[in-house]
Amino acid sequence: STKTKLLVSWHDFQKTPKTIELKNKIKKMSKFSNNVKIVSTAKSVDDATRMLELYDKKGKNNLISFAMGDAGKISRILCLYLGSPYTYVSLGKAVAPGQFSVDEVNKIINLKSSK
Numbered sequence: 132s133t134k135t136k137l138l139v140s141w142h143d144f145q146k147t148p149k150t151i152e153l154k155n156k157i158k159k160m161s162k163f164s165n166n167v168k169i170v171s172t173a174k175s176v177d178d179a180t181r182m183l184e185l186y187d188k189k190g191k192n193n194l195i196s197f198a199m200g201d202a203g204k205i206s207r208i209l210c211l212y213l214g215s216p217y218t219y220v221s222l223g224k225a226v227a228p229g230q231f232s233v234d235e236v237n238k239i240i241n242l243k244s245s246k
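Sequential numbering from 132 applies to the sequence shown in my numbering.
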């Protein structure tokens with residue numbers, strides 16, 4: 132027996148599917164792990180919002196849900212305030228569309244404590 136935990140991950144690099152499709156995908160992924168990451172490509176703020184609305188119904192899953200791309204960039208931060216245990220950052224140059232660097236995210240999440 133191992134103590135290794137699985138993170139089941141799914142990405143759509145073209146679009147953000149409809150909410151029902153996203154919820155069905157989470158349900159299928161949850162059969163394999165309580166740790167689920169679901170990411171889409173946002174073409175609009177509405178797309179990014181749809182990814183964040185998944186947190187309302189997350190249940191027992193450790194859900195990570197946000198959107199890639201310029202329109203989804205802010206969802207990479209907001210997901211932390213909605214229940215995501217993680218967000219993904221780069222050490223420098225972004226490796227995914229809309230990704231922040233570790234320095235950028237540290238500045239953003241520490242805004243309150245710096246006053």
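Glycine is no exception: its CB is placed at the ideal position from the N, C-alpha and C atoms.
It should be emphasised that the depicted structure is a prediction, and the values quoted were computed from it without experimental measurement.
Rounded Cβ spacing between residue i and residue j (contact assumed at less than 8 Å)
i              : j              : result
glycine 229    : methionine 182 : With a Cβ gap of about 12 Å, glycine 229 and methionine 182 do not count as contacting.
isoleucine 208 : valine 236     : 7 Å
leucine 194    : serine 164     : The pair is not a contact, with the Cβ atoms about 11 Å apart (cut-off 8 Å).
leucine 211    : asparagine 166 : Actually they do not touch by this definition, with Cβ atoms about 16 Å apart.
valine 233     : leucine 242    : About 16 Å; that fails the 8 Å criterion.
Cβ neighbour criterion (16 or more within 10 Å) applied to residue i
i                 : result
glycine 203       : buried
phenylalanine 231 : buried
threonine 172     : buried
valine 170        : buried
lysine 238        : exposed
threonine 147     : buried
aspartate 178     : buried
isoleucine 151    : exposed
Cross-strand partners of residue i (DSSP beta bridge)
i                 : result
phenylalanine 197 : Val170
valine 139        : Val167
serine 161        : The partner list for serine 161 (beta bridge, DSSP) is empty, contrary to what the question assumes.
serine 221        : Ser232
Candidates the options, of which the one nearest residue i by Cα
i             : options                   : result
aspartate 187 : Val139, Lys154 and Tyr217 : Lys154
lysine 156    : Gln145, Leu185 and Ala179 : Leu185
serine 196    : Trp141, Thr135 and Lys134 : Trp141
alanine 227   : Lys149, Gln145 and Lys134 : Gln145
Range covered by the alpha helix (DSSP H) that runs through residue i
i              : result
leucine 242    : Per DSSP, leucine 242 belongs to no alpha helix (DSSP H) and is neither H nor E.
aspartate 178  : 176-183
isoleucine 205 : First-last for isoleucine 205: undefined, no H or E at that position.
Cβ-heavy atom distance, residue i to the ligand HEM, below 7 Å
i             : result
aspartate 201 : Annotation note on the ligand HEM: not contained in the displayed structure, which lists no ligands.
Beta carbon proximity, residue i to chain B, threshold 8 Å
i             : result
aspartate 143 : Among the protein chains of the structure shown there is no chain B, as only one such chain exists.
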